[in-house]
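Asker:
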Amino acid sequence: MLDEAELANYHEIDDAQQTKTKNETSLQHGTIRGSNVSSTFNDFLLKPELVRFVMDFGFEHPSEVQRQSIPQAILGTDIVCQVKSGMGKTTVFILVTLQQLKLVDGQVSVLVLCHTSNLTFSTRHEYERLCKFMPAVKVLAFVGGLPIKNHEDILKNNCPHIVVKHFIIDECDRVLEPLDIHQDIHEIFKMTPQEKQVLMVSTLNKQIRPVCKEFMRYSIKIYIDDESK
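Taking UniProt numbering, I'd label the letters of the sequence shown as residues 1 to 229.
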């Protein structure tokens, strides 16, 4: 678990690591533009089940944001993915988490936070679609407005062990903007294991970057913020 002091020190740790990473990888401020790209989904070396899905649905060429983000994210890099709507941001974190997923019966490994019920159900649908050939993967959606005990019973019966390895905030600019929600997200974040990958997805909003940085542990970040992409 993270305490307040550890969370507050992220900026200092990250700044020191950024300098080292810049010298070792020639990345400037954790930004990758047009490097480490792949021209087809086959270049990502995905699991056979995911390759089968890609072929079955006729997908071949990833979008620019997918080409830049997926190879880095598969390595476990923390990522802030910022790009205009409709460029495949959601597919980035779904493919990445399914690729890295090591199934343990009754264990929750991936947590995705969304700002609306509609987005929650849409994300669940996309997970179910992409794991079409991974029948052992279970995807559950929890939204407000329903008795909490219902959710507790579902988790108790289906997922008694919660060991979050991937912490994702979809539309993070919308989720983290309200102060009270921001504080709630911090509390949830601190209750998850310290060793985990953090993926944040948003549209073009530079103001959210310092806020996102509060949740990042590793030095390499990818910002894809060019509207032409």
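Here a beta-carbon is modelled for each residue, glycine too, at the ideal position from N, C-alpha and C.
Treat the numbers as computed from the prediction; the structure is a model and nothing was measured.
Relative to the alpha-carbon of V110, which residue among K213, V211, F189 and K206 has its alpha-carbon at the smallest distance?
Answerer: F189
Asker: Go ahead and label S35 buried or exposed: buried means 16 or more other beta carbons lie within 10 angstroms of its beta carbon, across all protein chains shown.
Answerer: Only weak support exists for where S35 lies, its pLDDT of 46 falling under 50; the value from the coordinates is given anyway. With fewer than 16 other Cβ atoms within 10 Å, it is exposed.
Asker: Assuming contact is defined by CB atoms lying nearer than 8 angstroms, are L119 and E171 in contact in what I supplied?
Answerer: yes
Asker: So, for F41: in the same chain, excluding its five sequence neighbours on each side, which residues have a beta-carbon less than 7 angstroms away from its beta-carbon?
Answerer: V54, F59, E60 and P62
Asker: Report the option in E152, Y127 and H182 whose CA atom is closest to the CA atom of P210.
Answerer: Selected option, being the one with the closest Cα: H182.
Asker: Determine the extent of the beta strand (DSSP E) in which C114 is found, giving its start and end residues.
Answerer: Taken as a continuous stretch (DSSP letters only), C114 belongs to no beta strand (DSSP E), as it is neither H nor E.
Asker: For S117, which residues in the same chain have their Cβ closer than 8 angstroms to its Cβ, ignoring the five residues on either side in sequence?
Answerer: Around S117: V143, G144 and G145.
Asker: Whole angstroms is fine: what's the gap from K138's alpha carbon to P178's?
Answerer: 31 angstroms
Asker: Where does the unbroken alpha helix (DSSP H) through I212 begin, and where does it stop?
Answerer: It should be pointed out that residue 212 corresponds to Cys in this sequence rather than to Ile. Taken as a continuous stretch (DSSP letters only), the alpha helix (DSSP H) holding C212 covers R209 to K213.
Asker: Considering just the uninterrupted stretch of the alpha helix (DSSP H) at M134, what are its terminal residues?
Answerer: Looking at the DSSP string, M134 is not in any alpha helix (DSSP H), and its letter there is neither H nor E.
Asker: I'd like to confirm the pairing. Which residues does DSSP put opposite I168 in its beta bridges?
Answerer: V112 and L199, per the DSSP bridge assignment.
Asker: Would the beta-carbon of A73 fall within 8 angstroms of that of V51?
Answerer: no
Asker: Here's a check: name, in chain order, each residue in its chain whose Cβ is nearer than 8 angstroms to the Cβ of V164, leaving out the five neighbours to either side.
Answerer: V108, S109, V110, L111, T192, P193 and K196
Asker: Roughly how many angstroms separate the alpha carbons of Q68 and T77, rounded to a whole number?
Answerer: Rounded to whole angstroms, Q68 to T77 spans 12 angstroms at the Cα level.
Asker: For S202, is the classification buried or exposed, using 16 other Cβ atoms within 10 angstroms of its Cβ as the cut-off for buried?
Answerer: buried
Asker: Among the residues of its own chain, which have a CB less than 7 angstroms from the CB of Y127, if the five just before and after it don't count?
Answerer: Only I94 and V139 meet the Cβ criterion.
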